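**Student:** Okay, here's the structure, questions in a sec.
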Amino acid sequence: AALLRGGRVAMRTSAALLLALVAALATARSPAQQLVLFGATGDLASRFTLQASFELWALTGRGLEVTAVGRSSNTSAAVRSALAPEAACKGSVFKSAGSCESALDSFVRTSLSVRTVGTPSELQDLCTGLDAAAGGAEELRRVFHLGVPPSAVPELVRGLARACAPAGGGGDPLRS
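Counting with mature numbering (1 follows the signal peptide of the UniProt record, and there is no 0), you get residues -28 to -1, 1 to 148 for the letters of the sequence shown.
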């Protein structure tokens, strides 16, 4: 009953689904693993998704690269605020606050990048940067989490298909 108050079910379900999806990705032992979080300045991301991605990074051997993407100019500040130790370490998987804060610092310095994407050219730059970060890995596992309003999903999916599709891929992924 407590989960039903205030619409928390959808938020917790989305974060749980994200964790399950990326956990499956991480157990595949791929040399390059990337999680791209669209909607990084939204309520769900600031309350659940960013912290969940940090804990998943810690639980999976710290081999996960996380890119937080937002449209606004304050994306970086919003992500940093959501990952402040008092937020990210509250109820975390770490045994002590000190170990959590140390891991959080490492995560932010080595595995987290923040991008502002609002135009097709910025989306192309994001995808080019993701490919460069993968370092030419033969096998790449990349998960896109679209924490955006439903009305924005079709345009974003088409943009990702154009900008991030492997050579020879593409087309319209939403065409029926």
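Quick reminder that beta carbons are idealized off the backbone N, C-alpha and C, glycines included. Please read all numbers here as calculations on a predicted model, not as lab measurements.
Who are the Cβ neighbours of A69 in its own chain at under 7 angstroms, not counting the five residues just before and after it?
**Tutor:** Only C61 meet the Cβ criterion.
**Student:** Verify whether the separation of the beta carbon atoms of F116 and F79 is less than 9 angstroms.
**Tutor:** no
**Student:** Restricting to runs no shorter than 3 residues, where is the beta strand (DSSP E) found entirely within the segment 70 to 103?
**Tutor:** 84 to 88
**Student:** Tell me, to the nearest whole angstrom, how far the beta carbon of A106 is from that of L112; I am working on the premise that it is less than 8 angstroms.
**Tutor:** 5 angstroms
**Student:** Have a look at G108 and C136 and give me their C-alpha separation to the nearest angstrom.
**Tutor:** Rounded to whole angstroms, G108 and C136 show a C-alpha spacing of 14 angstroms.
**Student:** According to DSSP, which residues form a beta bridge with L118?
**Tutor:** According to DSSP, L118 shares a beta bridge with F10.
**Student:** So the candidates are A12, P122, A124 and P126; which of them puts its Cα closest to the Cα of S44?
**Tutor:** A12
**Student:** For L84, I'd like the list of residues in its chain whose CB is within less than 6 angstroms of its CB, leaving aside the five on either flank, ordered along the chain.
**Tutor:** Around L84, the same chain offers V38 as residues with beta carbons nearer than 6 angstroms, after the five sequence neighbours per side are excluded.
**Student:** What residue range does the beta strand (DSSP E) around L36 cover?
**Tutor:** Run containing L36: L36 to G42, per the beta strand (DSSP E) assignment.
**Student:** Should S93 be labelled buried (16 or more other beta-carbon atoms within 10 Å of its own) or exposed?
**Tutor:** S93 comes out exposed.
**Student:** Please classify L112: does DSSP put it in a helix, a strand, or coil?
**Tutor:** The answer is strand: DSSP assigns L112 an E or B state.
**Student:** Output yes or no for whether 9 angstroms exceeds the beta carbon distance between G42 and R81.
**Tutor:** no
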